[in-house]
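Here the sequence shown is numbered in this note's numbering, starting from 21 and rising by one per residue.
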Amino acid sequence: MDGIYNILDYRDRSKNNTDWTEAFRAAVSDAGKAGGGIVYVPAGKYATYSIRLESNITLYVAAGAQLDFMEDIEGYETVETEFEGIAGEAYMPCIYALGAHHVAVKGDGVINGSGAVWWKQVREHTLKRPRPYLICFQECEHVRIEGVTLCNSPAWTVHPLYCRDVLIQGISIKNPPDSPNTDGINPDGCRDVRIINCRVDVGDDCITLKSGTEKTPVKRPCENIMIANCALLHGHGGIVIGSEMSGGVRNVTVSNCIFQDTDRGLRVKTRRRRGGIVENIHFSNCIMDRVMCPFVFNMYYFCGEDGKADYVRDREAYPVDDGTPGIRGIHISNVTVTNASAAAGFVYGLKEMPVSGVTLSNVRITMDPAGAPGTPAMMDGLSPVSAQGFFLRNARELVFDNVFITNARGGEILSDDSVEWSS
21 MDGIYNILDY RDRSKNNTDW TEAFRAAVSD AGKAGGGIVY VPAGKYATYS IRLESNITLY
81 VAAGAQLDFM EDIEGYETVE TEFEGIAGEA YMPCIYALGA HHVAVKGDGV INGSGAVWWK
141 QVREHTLKRP RPYLICFQEC EHVRIEGVTL CNSPAWTVHP LYCRDVLIQG ISIKNPPDSP
201 NTDGINPDGC RDVRIINCRV DVGDDCITLK SGTEKTPVKR PCENIMIANC ALLHGHGGIV
261 IGSEMSGGVR NVTVSNCIFQ DTDRGLRVKT RRRRGGIVEN IHFSNCIMDR VMCPFVFNMY
321 YFCGEDGKAD YVRDREAYPV DDGTPGIRGI HISNVTVTNA SAAAGFVYGL KEMPVSGVTL
381 SNVRITMDPA GAPGTPAMMD GLSPVSAQGF FLRNARELVF DNVFITNARG GEILSDDSVE
441 WSS
């Protein structure tokens, strides 16, 4: 059939079915020469190194098909990209496109990143350069990722970087709970993104919105993001913004999602010198169960390079400048939380730039009296707590309307005179 390039038609380039890299390269090349098409992967297993797509090409992984990315690290090419906001050379993502339009990965099959070999080298500090993402589209437009099951990603699983018009729909992601930095879906500096009907169960944050660090060469906002009808399981955070947010994150809606056994529910994290503003975030009609802390807004996040510096941990006020981050305009409504273990919520702004304009309405939180102690946020000087209420510092224009907290120890609200309420 015209426009469909069945990978089995390129079997002669598969090295007796042991390495399909050249077969995929030839199929993509033929589709590209024709102006686009579908690279079709029927039922069966296919070992390969990275697959690089082009404009107007869909990689379709059919039911019963499985891509297994090769474990020989030295066989991977490298590309210029960004890893955690730092520009440089990294191993090519398993599925990759640069500067393409109308590019897609679809189907009901499985894409296996064979991550264990990468995780081992990360723990042993023997990797020469950053790990590959499982799927990364960079500087692309009109991106579609639909239906597939993604597992064992070497690093972040789905990473749109500086893309516009992205639809991620109906995918399932499963990475082991102890796999390092295997976030689920991480739009970075992207515009007009929809993440719908996905199931994400990973070893780090489930869905994270990013926009670079103070060291990112060109900072671009992550904006106009819709997340809906997703199941988020076991991650360090369910919906996370930051800590790479120097380009700003704005105009985000999260609705009709379920959070199960995540460390945190909605989490915003940043620190001094990052700059950028997080604003216009609407979070509604969600259910959380057995989360450690459902709501975290932390401006003293200490992980990563320079995270232990004095300017990060200092609780005194600093001059406000371009490196001062901001968190404002967070609207949370119609949320039910059961069996929260550590704290009902945690808000800690900078003394010079308080968290501003957080509204909670129609929120019910039930703490687990027997919940294991946990640290709500990653910042210097915090100790584990259990069944604590809302801990608030350096915040203003707060509104709590019809908010009920049950089984909290030491009071439902733990605040001081650094907190200003709005009636």
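Don't be surprised by glycine CBs; every beta carbon is placed ideally from N, CA and C.
Given the structure is predicted, the values throughout are model-derived calculations rather than measurements.
Considering Cα atoms alone, identify which of 114, 60, 224 is closest to residue 259. 224
What residue range does the alpha helix (DSSP H) around residue 44 cover? 41 to 53
In terms of residue numbering, what span does the alpha helix (DSSP H) encompassing residue 94 cover? It is not in any alpha helix (DSSP H) - residue 94 carries neither H nor E in the DSSP assignment.
Residue 348 versus 315, 256, 297, 325, residue with shortest Cα-Cα distance: 297
Have a look at the DSSP bridge pairing and note the partners of residue 161. 121, 184
Measuring CB atoms only, is the stretch 55 to 70 touching the stretch 195 to 208, in the sense that at least three cross pairs come out at less than 8 Å? no
In three-state terms, what does DSSP make of residue 321? coil
May I ask which residues mark the beginning and end of the alpha helix (DSSP H) holding residue 331? It spans 330 to 333 - the alpha helix (DSSP H) in which residue 331 sits, taken as one unbroken run.
Expressed to the nearest angstrom, what Euclidean distance is found between the alpha-carbon atoms of residue 30 and residue 153? Residue 30 and residue 153: Cα-Cα distance of roughly 26 Å.
So, are the CB atoms of residue 387 and residue 427 less than 9 Å apart? Yes, these two residues count as a Cβ contact at 9 Å.
Relative to the alpha-carbon of residue 401, which residue among 321, 220, 253, 257 has its alpha-carbon at the smallest distance? 321
Between residue 55 and the rest of its own chain, which residues show a CB-CB distance below 7 Å, the 5 nearest in sequence each way excluded? 76
N-terminal and C-terminal residue of the beta strand (DSSP E) that residue 454 is part of: The structure shown does not extend to residue 454, since the chain spans only 21 to 443, so no value can be given for it.
Residue 361 and residue 409: beta carbons closer than 9 Å? no
Rounded straight-line distance, which links the Cα of residue 193 to that of residue 89: 16 Å
The beta strand (DSSP E) enclosing residue 214, as first and last residue numbers: The continuous beta strand (DSSP E) containing residue 214 extends over residues 211 to 216.
Count the CB pairs spanning the stretch 325 to 342 and the stretch 272 to 289 that are closer than 8 Å, and state whether there are at least three. no
Nearest-angstrom beta carbon gap, residue 264 and residue 108 [assumed within contact, 8 Å]: That pair is no contact at about 15 Å.
How about residue 287 and residue 253: do their beta carbons lie closer than 9 Å? In terms of Cβ geometry, residue 287 and residue 253 do not form a close pair [threshold 9 Å].
Closer than 8 Å is the cut-off here; do at least three beta carbon pairs connect the stretch 369 to 381 with the stretch 337 to 345? yes
Quick test of the definition: if touching needs 3 or more C-beta pairs under 8 Å, does the stretch 202 to 215 touch the stretch 240 to 255? The way I'd put it, the stretch 202 to 215 does touch the stretch 240 to 255; three or more beta-carbon pairs between them come closer than 8 Å.
Going by DSSP in three states, residue 191 sits in which element: helix, strand or coil? coil
Residue range of the unbroken beta strand (DSSP E) whose run includes residue 176: That residue, residue 176, is in no beta strand (DSSP E); it is neither H nor E in DSSP.
Can you tell me where the beta strand (DSSP E) holding residue 384 begins and where it ends? 375 to 387
Looking at C-alpha atoms only, which residue of 423, 376, 429, 416 is the closest neighbour of residue 437? Of the candidates 423, 376, 429, 416, the one whose C-alpha sits nearest the C-alpha of residue 437 is 416.
Please confirm whether residue 314 and residue 364 have their CB atoms less than 9 Å apart. Cβ distance < 9 Å, so residue 314 and residue 364 count as in contact.
Reference residue 116; option with closest CA among 379, 32, 78, 395: 78
Could you spell out where the beta strand (DSSP E) holding residue 222 opens and where it closes? Neither: residue 222 is in no beta strand (DSSP E) and is coded neither H nor E.
Alpha carbon to alpha carbon, what distance is there between residue 233 and residue 294? 6 Å
With residue 303 and residue 352 assumed to form a contact (beta carbons below 8 Å), what rounded beta-carbon distance in angstroms separates them? A Cβ-Cβ separation of about 5 Å places residue 303 in contact with residue 352 under the 8 Å criterion.
Residue 310: first and last residue of the uninterrupted alpha helix (DSSP H) it sits in: Taken as a continuous stretch (DSSP letters only), residue 310 belongs to no alpha helix (DSSP H), as it is neither H nor E.
Among the candidates 173, 273, 80, whose CA atom is the shortest distance from the CA of residue 229? With distances taken between Cα atoms, residue 229 lies closest to 273.
What distance in whole Å lies between the Cβ atoms of residue 102 and residue 236, which are believed to be in contact at a cut-off of 8 Å? 7 Å
Whose CA, out of 180, 222, 120, 73, lies closest to the CA of residue 135? 222
How many Å lie between residue 179 and residue 59 at the Cα? 21 Å
Mind checking who residue 101 pairs with in its DSSP beta bridge? 108
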